[in-house]
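Asker: Reminder that position 112 of the sequence shown reads as 112 in UniProt numbering, one-by-one numbering, no gaps.
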Amino acid sequence: MRMGVSVLFALRLMGIGSRLSLSNARKSLIGAVAGIGISLVPLIAVLVVADGMIEGISGRIIELSSGHLRVADYSGLSDASGDAGALESLRAELPRYSASIADAAAERQGLGIAIGPKGRSGSTIRAVSDAFFTRSFGSDGFLRVVAGTGGAPEQGEAVIGEKLAETVGLAPGDRIRLLTIHRSPSGKETPKFASRTVRSVVSSGYQELDALWVFVPFASDSSILDPDTAHSFISVYTDDPYGDLSGVRDELLGSLPDGFDCYTWKELNRSQLQSFNTTRILLLFIMFLILCIASVNVSSALVMTVMERRKEIAILKSIGAHPSDIAFAFVLAGFFTGLGGVVAGLPLGILCALNINEIFSFLEQVLNGISGFAYALGSSSSSAPPAAVKLLDPAYYIQGIPVRLDAAELYLVAAGTLLLSSLVSIFPALRAGSEKPLDTLRKV
Numbered sequence: 001m002r003m004g005v006s007v008l009f010a011l012r013l014m015g016i017g018s019r020l021s022l023s024n025a026r027k028s029l030i031g032a033v034a035g036i037g038i039s040l041v042p043l044i045a046v047l048v049v050a051d052g053m054i055e056g057i058s059g060r061i062i063e064l065s066s067g068h069l070r071v072a073d074y075s076g077l078s079d080a081s082g083d084a085g086a087l088e089s090l091r092a093e094l095p096r097y098s099a100s101i102a103d104a105a106a107e108r109q110g111l112g113i114a115i116g117p118k119g120r121s122g123s124t125i126r127a128v129s130d131a132f133f134t135r136s137f138g139s140d141g142f143l144r145v146v147a148g149t150g151g152a153p154e155q156g157e158a159v160i161g162e163k164l165a166e167t168v169g170l171a172p173g174d175r176i177r178l179l180t181i182h183r184s185p186s187g188k189e190t191p192k193f194a195s196r197t198v199r200s201v202v203s204s205g206y207q208e209l210d211a212l213w214v215f216v217p218f219a220s221d222s223s224i225l226d227p228d229t230a231h232s233f234i235s236v237y238t239d240d241p242y243g244d245l246s247g248v249r250d251e252l253l254g255s256l257p258d259g260f261d262c263y264t265w266k267e268l269n270r271s272q273l274q275s276f277n278t279t280r281i282l283l284l285f286i287m288f289l290i291l292c293i294a295s296v297n298v299s300s301a302l303v304m305t306v307m308e309r310r311k312e313i314a315i316l317k318s319i320g321a322h323p324s325d326i327a328f329a330f331v332l333a334g335f336f337t338g339l340g341g342v343v344a345g346l347p348l349g350i351l352c353a354l355n356i357n358e359i360f361s362f363l364e365q366v367l368n369g370i371s372g373f374a375y376a377l378g379s380s381s382s383s384a385p386p387a388a389v390k391l392l393d394p395a396y397y398i399q400g401i402p403v404r405l406d407a408a409e410l411y412l413v414a415a416g417t418l419l420l421s422s423l424v425s426i427f428p429a430l431r432a433g434s435e436k437p438l439d440t441l442r443k444v
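#1: Closest to residue 481 by C-alpha separation, out of P227, G161, I224, would be which residue?
#2: When the Cα of L209 is compared with those of V248, G148, P185, G56, which residue comes out closest?
#3: Closer than 8 Å by C-beta to L283: which residues in its own chain qualify, once you throw out the five before and the five after it? Chain order, please.
#4: Determine whether the beta carbon atoms of L111 and T190 lie at a separation below 9 Å.
#5: Please work out which residues of its chain come closer than 7 Å, Cβ to Cβ, to S204, disregarding the five sequence neighbours upstream and downstream, and give them in chain order.
#6: For V424, which residues from the same chain have a beta carbon less than 7 Å from its beta carbon, with the 5 sequence-adjacent residues on both sides left out?
#7: Let me confirm a value: V343 is counted as buried when at least 16 other C-beta atoms fall within 10 Å, else exposed. Which label applies?
#8: Using beta-carbon positions only, say whether V41 and I125 come within less than 9 Å of one another.
#9: Check whether the region 397-405 touches the region 28-42, counting contact only when three or more Cβ pairs, one atom from each stretch, lie closer than 8 Å.
#10: If you drop the 5 nearest sequence neighbours on each side, which residues of the same chain put their C-beta closer than 7 Å to that of F427?
#11: If you compare alpha carbons, which of E88, H68, L164 is closest to G119?
#12: Compute the beta-carbon to beta-carbon distance between G156 and F133, rounded to the nearest angstrom, for a pair I have assumed lies under 8 Å.
#13: Taking S223 as the reference, which of S195, E435, R270 has the closest Cα?
#14: Would I54 and R280 qualify as a contact pair, given that the criterion is a beta-carbon distance under 9 Å?
#15: Between which residues of its own chain and A388 is the CB-CB distance below 7 Å, once the five residues before and five after are set aside?
#16: For the alpha helix (DSSP H) that contains P347, what are its first and last residues?
#17: From the DSSP output, in three-state form, read off T180 for me.
#18: Near A106, what residues of its chain come up, given a Cβ to Cβ distance below 7 Å and the 5 sequence neighbours on each side ignored?
#19: What residue does the alpha helix (DSSP H) around Q272 start on, and which one ends it?
#20: I'd like to know if the region 352-360 and the region 399-415 are in contact, where contact means that at least 3 CB-CB pairs between them fall below 8 Å.
#21: How close, in whole Å, do the beta carbons of D261 and Y74 come, if the pair is a contact with beta carbons under 8 Å?
#22: In angstroms with no decimal places, state the Cα-to-Cα distance between L291 and V303.
#23: What does R175 pair with, by DSSP beta-bridge criteria?
#24: By DSSP, does R404 sit in helix, in strand, or in coil?
#25: Pull up the distance between the alpha-carbon of residue 490 and that of P257, whole angstroms please.
#26: Using a C-beta cutoff of 9 Å, does A106 count as contacting chain D?
#27: Which residue or residues does DSSP assign as beta-bridge partners of V71?
#28: Between A127 and A104, which are expected to be in contact by the criterion C-beta below 8 Å, what is the C-beta distance as a whole number of angstroms?
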C-alpha cells in the first residue's frame, strides 16, 4: 500500500471525506480533538502568565534594585567604598572602562525604621545618585509617581514607596522620621534620627518592593546610614541586560581599584530566579499532565476505531496491504487528531493569553458581585461587608501581567502535542497491524 493510500485511509478513519453518519469511534475521535484543544488553552495561558510574571518581577528587581551589574567592595580593602565622594568619582569613571556601559548610579543602602502619623515600619533606606531617578522615571523606567512631584529628591527630601506611605500614613509634604543605628569606634551602638519632607510617593507596580523603599539623595544624605553597617556600591546599566555580561564584567575587573569586585544581576538574584523557574516548571508540569490525560483519549478512540474497522482492515490486508501500512495509517490518524486539537486550541489559547488581564478583571468583578449579592441577602446590618476578591493579590504579584508571546515556546507546545498524539497512537496502530484478516472475514 502506497503512502498516499495510508494517508487517505487515515483521513477516512477520521471521517474526513466520508458521507457516512458519525459512528461511536468517530465521535470519540472528535471528542479527543476537543479534549486536546481545551487542554492547550490553560497550558498556553499558564505559560504566558508565568513568563510575564517572571519577566515583570525580574525586570523591576534588575532595574530598580540590583542593576545589570554591581560594583562593590565587600572585602573592605578599599577606602573608596566608605567615602561617598570617592564612590561618586568612581561612578563617573565607569563608562570609560567599557563602551557597553550606558549609565551608572552610586548608592548606599541600609536598614532603618520609617515613622509616620499612623505608625512605623521597617524599611530599606537607599541613598542614591540622580542617575538612578533619571533612568527609573524615564519612558522605559519602572517607577511611577502616585502623588507629589516626580524627579530626584533634593536635600532634605525623600521619595517613598506607595505601600510604605499607606502603612505609616504619609503623603507628599509630610515629614517622615527615619531611625537608623550607628556604631561608634568603640563598638557602642546608638540610634540616630533624621527627618525629611516627602517629595513624592512612587510605585514600581510590585508591593513587595514598594513596602520597603525610602529614597534620599546620595550626595547629602548618605551620612544617614552608618558606613560600617550599610552597603555601598555602584549599580551599572548596560544596553542589553539579558545578553552576555561576562565581557563587560571582565573589562570592569581589569580597571577597578583594588578590593572592588563586579557581580552580574544573575549572581545577585540567583536564589530568587531559581524559585521563579521552579514555580514555572511545576505549573507547566501540571498543565502537561492535563494534556497527557487528553492525549490518552486519542489512544482509546483509536482502539474503538480498530474494533469498528476490522472489516476494512481485513479487506486491505487480503488485497496486499502490509501490516506496517495499516499501522502507519492509524498513527497518522492519531497525528491528525492532535493536529486538529492544535488548530483549535492554539489560537484560542493565544487569544486568552493576550487578554489575560481583562479575563482576571472580569472574573474578579463576577466573584465580587456574587459575594456582594450573597452579603446583601443574608447578612445583618452589624456584620462587616466581605473583603474584595483578588485573584492575583498585588501584595504578592505585580499589578498587571506583562503579556509576551514567545514563538519558540508556542512552537514547542504545538510540536510536543503532535508528538504526544502520535506516540499514544502506537499501541492501537500495532493492534490494527496485527489483525488476522481470515478470522475477521469468517465472521462477516
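The C-beta atom is built at its ideal place from N, Cα and C for all residues, glycine as well.
Answerer: Taking the definition as stated:
#1: Here the chain has residues from 1 to 444 only, and residue 481 is not among them.
#2: As a first step, residue 209 must be located in the sequence shown, where it is residue number 209. Comparing Cα-Cα distances from L209 to each of V248, G148, P185, G56, the minimum goes to G56.
#3: By one-based count along the sequence shown, residue 283 stands at place 283. Around L283: V46, A50.
#4: Residue mapping note: residue 111 aligns to position 111 of the sequence shown, counting from 1. Residue mapping note: residue 190 aligns to position 190 of the sequence shown, counting from 1. No, Cβ-Cβ distance for L111 and T190 is not below 9 Å.
#5: Stepping through the sequence shown from its first residue, residue 204 is reached at position 204. Cβ within range, chain order: R60, L64, F142, L143, D210.
#6: Walking along the sequence shown from the start, residue 424 turns up at place 424. S295, V296, V298, S299, G334, listed in sequence order.
#7: Against the sequence shown, residue 343 aligns to sequence position 343. Under this definition V343 is an exposed residue.
#8: Translated into positions along the sequence shown, residue 41 becomes position 41. Translated into positions along the sequence shown, residue 125 becomes position 125. For V41 and I125, no; Cβs fall outside 9 Å.
#9: no
#10: To locate residue 427, count along the sequence shown from 1; it is residue 427. Here the set comprises S299.
#11: As a working mapping, residue 119 is identified with position 119 in the sequence shown. Nearest option by C-alpha distance: L164.
#12: On the sequence shown, residue 156 is found 156 positions in, with the first residue counted as 1. On the sequence shown, residue 133 is found 133 positions in, with the first residue counted as 1. Not a contact, Cβ separation roughly 16 Å.
#13: As a working mapping, residue 223 is identified with position 223 in the sequence shown. Checking every option, the nearest Cα to that of S223 belongs to S195.
#14: Counted from its first residue, the sequence shown places residue 54 at position 54. Counted from its first residue, the sequence shown places residue 280 at position 280. Cβ atoms of I54 and R280: closer than 9 Å.
#15: As a first step, residue 388 is located in the sequence shown; it is residue number 388 there, counting from the start. The residues are N368.
#16: As a first step, residue 347 must be located in the sequence shown, where it is residue number 347. Run containing P347: 323-354, per the alpha helix (DSSP H) assignment.
#17: Residue 180 sits at position 180 when you count from the first residue of the sequence shown. Of the three classes helix, strand and coil, the one that applies to T180 here is strand, per DSSP.
#18: Numbered from 1 along the sequence shown, position 106 holds the residue referred to as residue 106. Around A106: L87, E88, R91, S129, F218, I234.
#19: As a first step, residue 272 is located in the sequence shown; it is residue number 272 there, counting from the start. Per DSSP, Q272 belongs to the alpha helix (DSSP H) from 270-308.
#20: yes
#21: Within the sequence shown, residue 261 is the residue found at index 261, counting from 1. Within the sequence shown, residue 74 is the residue found at index 74, counting from 1. Rounded, the Cβ-Cβ distance is 7 Å, consistent with contact.
#22: For the purposes of this step, residue 291 is identified with residue 291 of the sequence shown, where counting begins at 1. For the purposes of this step, residue 303 is identified with residue 303 of the sequence shown, where counting begins at 1. Taking the straight line joining both Cα atoms gives about 19 Å.
#23: Mapped onto the sequence shown, residue 175 falls at position 175. DSSP, once it has assigned bridges, lists T197 as partnering R175.
#24: Looking up residue 404 in the sequence shown gives position 404. Looking at R404 - three-state DSSP - the assignment turns out to be coil, as it is neither helix nor strand.
#25: Residue 490 lies beyond the stretch modelled for the chain, which goes from 1 to 444, so this question has no answer here.
#26: Annotation note: the requested chain D is absent from the structure, which comprises a single protein chain.
#27: Against the sequence shown, residue 71 aligns to sequence position 71. DSSP, once it has assigned bridges, lists I234, C262 as partnering V71.
#28: Reading the sequence shown from its first residue, position 127 is the one you call residue 127. Reading the sequence shown from its first residue, position 104 is the one you call residue 104. A127 to A104, Cβ: 15 Å. No contact.
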